[in-house]
Amino acid sequence: MGAFFNAFRSKRVGMLIALGFASGLPLALTRTTLSAWMTNAGVDLKTIGLFSLVTLPYSFKFVWAPLLDR
C-alpha cells in the first residue's frame, strides 16, 4: 500500500492529477450553472434537457481523443 501512495508523490503524477481536475472542472461548473440559470429564466425542462446534449461529446472524449492525439 505504501508503494501505491509513493506513486502520487511524483511531480509527473501530481501534474496529471491537476490537469485532469482542471479539464473537468469547467464543464461541471458550466453544466450546473447554466442549468440553474435556465431554470431561473423560466426555460422549460425539455429545453434544458436537450441543451445538455451539447456536452455529450465531452463525455465520450476517451473515444475520440486518441484519434486527435496522433
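With the numbering used here as the guide, the letters of the sequence shown map in order to residues 10 to 79. Quick reminder that beta carbons are idealized off the backbone N, C-alpha and C, glycines included.
With a cut-off of 8 Å on Cβ pairs, the stretch 20-40 is in contact with the stretch 60-70, counting three or more such pairs. Separation of R79 and G29 (C-alpha to C-alpha, rounded to the nearest whole angstrom) is 20 Å. When secondary structure is reduced to three states using DSSP, F17 falls in the coil class, being assigned neither helix nor strand. V52 carries a coil assignment under DSSP once its states are collapsed to helix, strand and coil.
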